[in-house]
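Worksheet: the structure to be examined is printed underneath.
Protein chains: 2
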Amino acid sequence: MSGSAAIRASVPWAQDERLARAAWSRLVEPEDHVAGWVLHALGPLEAVRHVLTASPIPVEVAEGQVARPTTARRKLDEGLERWRVRLARVAPERDVEVVERLGGRLVVPGEDEWPDGLDDLGTAAPPCLWVLGSSSLAETVRRSVAIVGARACTAYGERVAADLASGVSDRGVTVVSGGAFGVDAAAHRATVATGGITVVVLACGVDRDYPKAHDQLFARIRETGVAVSEVPPGSTVTRYRFLQRNRLIAAMTRGTVVVEAAWRSGALSTATHAAELSRPLGAVPGPVTSSLSAGCHRLIRDVGAVCITDAGELLELVLGIGEVDATKDGVPELAHDGLGDEDLRVYESLPLRTGRPVASICQVAGLPDRRVRSVLGRLAMLGLAQSGVSRDGERVWWRPAHPGSSAQGVLPM
Amino acid sequence: MSGSAAIRASVPWAQDERLARAAWSRLVEPEDHVAGWVLHALGPLEAVRHVLTASPIPVEVAEGQVARPTTARRKLDEGLERWRVRLARVAPERDVEVVERLGGRLVVPGEDEWPDGLDDLGTAAPPCLWVLGSSSLAETVRRSVAIVGARACTAYGERVAADLASGVSDRGVTVVSGGAFGVDAAAHRATVATGGITVVVLACGVDRDYPKAHDQLFARIRETGVAVSEVPPGSTVTRYRFLQRNRLIAAMTRGTVVVEAAWRSGALSTATHAAELSRPLGAVPGPVTSSLSAGCHRLIRDVGAVCITDAGELLELVLGIGEVDATKDGVPELAHDGLGDEDLRVYESLPLRTGRPVASICQVAGLPDRRVRSVLGRLAMLGLAQSGVSRDGERVWWRPAHPGSSAQGVLPM
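Chains as they are written, first to last, in numbering that gives the first Met the number 0: chain A, 0 to 412; chain B, 0 to 412.
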C-alpha cells in the first residue's frame, strides 16, 4: 500500500476528480460497460488508482451487472488489464491544455454544462466531455433534435434534411448531428444558414476536423454552436467510435429523426439508441424504389418510428402535441367537404349544365320530395345549388360553376 | 290487407327472394343504413311488400339501432317515403336479363359465390351483387388484396402499383381495385399482364364501362377475372356511389394497400373502411415532397397503416407472418457484420496498407495482449485479418484487401 501511495503522489491528476475523469476517457474506449461499472461504483479517483496500481477491483463493483461472482472477477481483471495498456499515453493536464488553448473546456457530470440526458445511459455514460464552442452545451440541447442519415445521401435526402433543420431551428430548436457527409452536413449547414444553433458530436477529438472537407463548417459550428466529443483531443476516428458516438447523439437530444438510411446503415444505430432510451424516434419516408430510404421504412415498419414528412411533424415529435399545430397548410377545403350523406346525394344529383326539376332530382337521389326540397334550401345557402325557371316555366336546379361562391345564379341553359 | 295482397299478386318479383333483393338494389342507394335494418329484420319479401303497399314498417325493426322509438318511427317513415320514389323504375326481371345476356348473374347472400367478407358490413352490406366474369367471385377474393390509389398518380405510383400487383398475383393472390385511372388501372393491367386474376368493383352498373377509356381493360378483366357492382345495370356513377363502393373493396378483400393518395383523397375512404372492418391496412411511402404521397404518410402516421415497400411485405400483410419470407433480398452481408464489440475494436485497429505489430494493435484497440492475440486468431479464421513478417523480422497484422475472402495473404508493405 505504501507503493501505491507513492505512485498516487507521483501523478497529480490522480488526485483531481476532473482530471481523473479526463484520464479515464483516454484509458477506456467509449461504452466499455465494465469501465462504466467501476467508475459508477468507485468514482474516478478510486477507479484510476486501481489502474495505476494494478490492484484488483473489488468484485462487489459488478453487483447487479453479472450474476456469477467468477464472471464478475474475470471481467474486472480483464478490464484492468486492458485499461492499463494505455497508461503510458495518459496525460490529462496536456489534453485539457490543448482544448483550452482552442477556447474549449472539459465538462464532467454534475457541472452546469453537463447534458442531463446523458445520465440515462447509465454505465454507458461517458466519463467526461470535451467541448468547443461559445454556448453552454446543456442549455443548447435542452430543446434539441438529432437529424441524422446516410453519408451517401441523395439530393432528396439533402433537401429534406435541410428543410427539417431550418424548419425546427426557426422555432428555436437546436439541431444535433454527427458532422458526416450527406444528411448530417446538410442539417448542420441549413441550421447555420438559418442562424440557428447546431451541435456536432464528433467521433474523433474536438481538436480534429473529420472529415477534413468540413473544416470550414466545423469552424462555423464552433463559432455559433458547439462541437463535442467523449474521446480526448488528438483521438482518431474508428468505425467502433462512430457507432458508440451515436448513443451520445441519441441521449443528449429530445428525439431523433433519420432522413435517409440504407437497409444497413450507421444512422440506424442512432435510431436504435434513441428507441432504447425511450426518446421519440422519427424517420422520413422516401420512394420505395430508393435503397437509401429502405432503412427509414424499416424503422417505420419494425421499430415503430413515427413517419415524419415536415418540420411541423418533427417539432410535434420532440416537443409534444399541443406545442405545435400539425394540420396541413395549403390544402384548400372543397366546397362539399363536410356535407352529410343526404346532402351529398342531392348535391351529386344536381346537373352541371342544364337545370333539373325537383321531381327528377328526387328520382336520381332516391329521396322524397320533402327531403330534397329541404336539402336544396340548405345547399343554396351554402352556395352549392342554384335555381331558376326553365323555358317551360318549371323551377329547375343546378350546381353553380364555382360551388361555395354564393353568387346569385343565372340559369345556365 | 286485401289491397296489398292484390298489389303483391300483380308484381311477380315481389314473391321471389332473389328478385326482391334485385329490386331492393334499385330502390335504395348503397349504404342506406335504415334500408339495411329493414332488409336485415324483415327479409327481402317483407321489405319490398312495405315499399309496394306503403304500409308502416314496425318500429321494432330499428331496435338496437336508435334509442328513442320516436326517432326510429321517423327514420323508418322517411325511409319508406324515399324508397317509394323509385318504385316506378323497378324491374328486376329486366335487370337480371340484361346482365345474363352479357354472360353475368345476380348473386345474393347465402349463395356459393357470395363473398363472406361482405357480411362484416352488417346493415351496410349490399342486398345483392351484379357479377360479370368467368370465375366465382367468392373463390376469387378468398386470397385477395385491394390495391387502390390516386387517379392522377405519378409515374412512381403507377410503377409501384404495377410492381405490387404483379408481385402478389405471381403468388396466386387476387388483385381487387376500382377500375379508375391511375393506380387502380396500373394494378389491374399489371395483374392481367402477369396472367393473374383481378376483380374490378364498379360504382356504376356492370354493363357500363366507366371510365370509357378503360373499355378494353374491363373486357379483359371480364374474360379472366370478375367485374362486380352493387348497383343494378344501367346505373351511372356519382361521387356518392364511388365512396360507398369503396366499402365493398375493403370488405371483400383480406387487406388493402394505398399506393398514392393526396392528403384528401377517395382512396383514403377505402383505407378507412378497411381499418373500421379490422382488415389489414398498408400504405406505400413516397417522397415527402410529393403531394400524392401525403395521404399515404397520413395513413401511416395517424391510422396505423403498415408501411409497405414491396410485394413481399404486402403478401405478409394480407397472408400473415410465416406464409412469406420478408427478409430483404439483394443486400450483401458485410464481412464484419455480426462481430462482437471486442472483435470489431481489434478489426478496426488493423491497418489497411502497412502491417502493425500486436503491441501497437493493443494500444490502438485499448485491449491487452492476450485478448488481442485471441481475437486476431478468430479474425484470421474469418478472413478478416492477415499476418506476415515485416522487414525488421517482426510479426505484423493487417486487414486483407478483400475481407472475408480467406485468401492467404502476401504482406502488403
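Where a beta carbon is used, it is the ideal one built from N, C-alpha and C, also for glycine.
All values reported here derive from a predicted model rather than from experimental measurement.
Q) Around the C-beta of Gln-215(B), are 16 or more other C-beta atoms found within 10 angstroms, so that it is buried, or is it exposed? A) Taking the second sequence and counting its residues from 1, one reaches residue 215(B) at position 216. It is exposed - the Cβ of Gln-215(B) has fewer than 16 other Cβ atoms within 10 Å.
Q. Skipping 5 residues on each side, what residues in its chain have a beta carbon closer than 7 Å to that of Lys-327(B)?
A. Residue numbering aside, residue 327(B) sits at position 328 when the second sequence is read from its first letter. Note on Lys-327(B): pLDDT 38, under 50, position unreliable in the model; the coordinate value appears next. Cβ neighbours of Lys-327(B) beyond the five flanking positions: none.
Q | Val-230(B) versus Pro-91(B), Pro-68(B), Pro-399(B) and Arg-72(B), residue with shortest Cα-Cα distance | A | Mapped onto the second sequence, residue 230(B) falls at position 231. When each option's Cα is compared against that of Val-230(B), the closest is Pro-91(B).
Q. What does Glu-347(B) reach in chain A if we use C-beta pairs closer than 9 Å?
A. One-based indexing of the second sequence puts residue 347(B) at position 348. Going along chain A in sequence order, the residues near Glu-347(B) (Cβ under 9 Å) are Thr-237, Arg-238, Tyr-239 and Arg-240.
Q: Take Gly-116(A) and list the residues in its own chain whose beta-carbon comes closer than 6 Å to its own, dropping the five residues that flank it on each side.
A: Start at 1 with the first residue of the first sequence, and residue 116(A) comes out as number 117. Counting only Cβ-Cβ distances below 6 Å, and skipping sequence neighbours, we find Ala-250 and Met-251.
(Q) Quick check on Thr-153(B) - is its C-beta less than 8 Å from some C-beta in chain A? (A) Indexing the second sequence from 1 puts residue 153(B) at position 154. With 8 Å as the cut-off, Thr-153(B) does not count as an interface residue toward chain A.
Q.
For Arg-67(A), would you say it is in contact with chain B, using Cβ-to-Cβ distances shorter than 8 Å as the test?
A. Counting from one through the first sequence, the residue named residue 67(A) turns up at place 68. No, because no Cβ of chain B sits closer than 8 Å to the Cβ of Arg-67(A).
(Q) Can you pull out the residues from the segment 90–117 of chain B whose beta carbon lies closer than 7 Å to at least one beta carbon of chain A? (A) none
(Q) So the candidates are Ser-176(B), Gly-132(B), Trp-262(B) and Ala-189(B); which of them puts its Cα closest to the Cα of Glu-112(B)? (A) Taking the second sequence and counting its residues from 1, one reaches residue 112(B) at position 113. When each option's Cα is compared against that of Glu-112(B), the closest is Gly-132(B).
(Q) Quick check: is the beta carbon of Pro-284(B) nearer than 8 Å to any beta carbon in chain A? (A) Position 285 of the second sequence, counted from the first residue, corresponds to residue 284(B). At least one chain A Cβ lies under 8 Å of Pro-284(B).
Q. By the 10 Å Cβ neighbour count, where 16 or more other Cβ atoms means buried, how is Lys-74(A) classified, buried or exposed?
A. Locating residue 74(A) in the first sequence gives position 75, counting from the first residue. Flag for Lys-74(A) reads buried.
Q: Find the nearest neighbour of Val-10(B) within the set Thr-52(B), His-187(B) and Trp-36(B), judged by alpha-carbon distance.
A: Counted from its first residue, the second sequence places residue 10(B) at position 11. The shortest C-alpha separation from Val-10(B) is found at Thr-52(B).
Q: Measure from the alpha carbon of Gly-78(B) to the alpha carbon of each residue in Val-37(B), Asp-118(B) and Arg-93(B), then state which is nearest.
A: Mapped onto the second sequence, residue 78(B) falls at position 79. The candidate whose alpha carbon is nearest that of Gly-78(B) is Val-37(B).
(Q) Below 8 Å, how does it come out for the segment 197–216 of chain A and the segment 336–355 of chain A: are there three or more Cβ pairs, yes or no? (A) no
Q: For Ser-386(B), write down the residues that DSSP places opposite it in a beta bridge.
A: In the second sequence, residue 386(B) corresponds to position 387, counting from 1. Paired residues: Trp-396(B).
Q) Any idea what DSSP makes of Gly-35(A), helix, strand or coil? A) For this step, residue 35(A) is matched to residue 36 along the first sequence. In this structure, Gly-35(A) counts as helix in the three-state DSSP scheme.
Q. Straight-line CA distance for Ala-71(B) to Val-33(B)?
A. Against the second sequence, residue 71(B) aligns to sequence position 72. Against the second sequence, residue 33(B) aligns to sequence position 34. Approximately 9 Å, taken between the alpha carbons.
Q: Measure from the C-beta of His-49(A) to each C-beta in chain B and report whether the shortest distance is under 8 Å.
A: The residue you call residue 49(A) lines up with position 50 of the first sequence. For His-49(A), the answer is no, since every Cβ of chain B falls outside 8 Å of its Cβ.
Q. Along chain B, in chain order, which residues have C-beta atoms closer than 9 Å to that of Glu-28(A)?
A. Sequence index remark: in the first sequence, residue 28(A) carries index 29 (1-based). Correct list: Asp-340, Arg-344, Ala-364, Gly-365 and Leu-366.
Q.
What residue range does the beta strand (DSSP E) around Ser-228(A) cover?
A. The sequence position of residue 228(A) within the first sequence is 229, counting from 1. First-last of the beta strand (DSSP E) with Ser-228(A): 225–228.
Q. How about the segment 275–287 of chain A and the segment 278–285 of chain B: do they share at least three Cβ pairs that are nearer than 8 Å?
A. yes
Q.
Can you find the residues in the same chain that come closer than 8 Å, C-beta to C-beta, to Arg-372(A), ignoring five residues on each side of it along the sequence?
A. In the first sequence, residue 372(A) corresponds to position 373, counting from 1. Val-357.
Q. At a Cβ threshold of 8 Å, is His-213(A) touching chain B?
A. Mapped onto the first sequence, residue 213(A) falls at position 214. Cβ-Cβ to chain B under 8 Å: no for His-213(A).
Q.
I need the boundaries of the alpha helix (DSSP H) containing Ala-53(B), first residue and last residue.
A. As a first step, residue 53(B) must be located in the second sequence, where it is residue number 54. Run containing Ala-53(B): none; DSSP gives neither H nor E here.
Q. What's the C-alpha gap between Asp-31(B) and Val-227(B)?
A. The residue given as residue 31(B) occupies position 32 in the second sequence. The residue given as residue 227(B) occupies position 228 in the second sequence. The straight-line gap from Cα to Cα measures roughly 19 Å.
Q. What do you get for Glu-28(B), buried or exposed, if any count of 16 or more other CB atoms within 10 angstroms of its CB means buried?
A. Within the second sequence, the letter at position 29 stands for residue 28(B). Under this definition Glu-28(B) is a buried residue.
Q: Report all residues from its chain with a CB closer than 6 Å to the CB of Leu-18(B); omit the five preceding and five following residues, and keep chain order.
A: Sequence index remark: in the second sequence, residue 18(B) carries index 19 (1-based). Within the same chain, Leu-18(B) has close Cβ partners Trp-12 and Pro-91.
Q) Apart from the five residues on each side of it in sequence, which residues of its chain come closer than 7 Å, Cβ to Cβ, to Phe-241(A)? A) Walking along the first sequence from the start, residue 241(A) turns up at place 242. Closer than 7 Å at the Cβ level, and outside the excluded window around Phe-241(A), lie Ala-202 and Gly-265.
Q) Is the CB of Ile-299(A) under 8 Å away from at least one CB in chain B? A) Taking the first sequence and counting its residues from 1, one reaches residue 299(A) at position 300. So yes, Ile-299(A) belongs to the interface.
Q. Any idea if Ala-304(A) is buried or exposed, counting beta-carbon neighbours within 10 angstroms, 16 or more meaning buried?
A. As a working mapping, residue 304(A) is identified with position 305 in the first sequence. By the neighbour-count rule (16 or more Cβ atoms within 10 Å), Ala-304(A) is buried.
**Q.** Neighbour-count burial assignment, Gln-423(A), 16 or more Cβ in a 10 Å radius
**A.** Residue coverage of chain A in this structure runs from 0 to 412, which leaves residue 423(A) outside it and unanswerable.
Q. Quick one: any contact between the segment 151–169 of chain B and the segment 187–197 of chain B, if contact means 3 or more CB pairs under 8 Å?
A. yes
Q. Does DSSP put Arg-73(B) in a helix, in a strand, or in coil?
A. Position 74 of the second sequence holds residue 73(B). Helix.
Q: Please determine, among Gly-294(A), Pro-68(A), Ala-21(A) and Ile-56(A), the residue with the shortest C-alpha to C-alpha distance to Val-89(A).
A: Counted from its first residue, the first sequence places residue 89(A) at position 90. Ranking Gly-294(A), Pro-68(A), Ala-21(A) and Ile-56(A) by Cα distance to Val-89(A) puts Ala-21(A) first.
Q: Can you give me the Cβ contacts of Ala-260(A) inside the same chain, cut-off strictly under 6 Å, excluding the 5 residues immediately before and after it?
A: Residue 260(A) sits at position 261 when you count from the first residue of the first sequence. Closer than 6 Å at the Cβ level, and outside the excluded window around Ala-260(A), lie Gly-148, Ala-149, Ala-266, Leu-267, Gly-294 and Cys-295.
(Q) Let me see if you follow: with CB-CB separation under 8 Å, is Thr-122(B) close to chain A or not? (A) Residue 122(B) sits at position 123 when you count from the first residue of the second sequence. Taking Cβ atoms only, chain A never reaches closer than 8 Å to Thr-122(B), which makes this a no.
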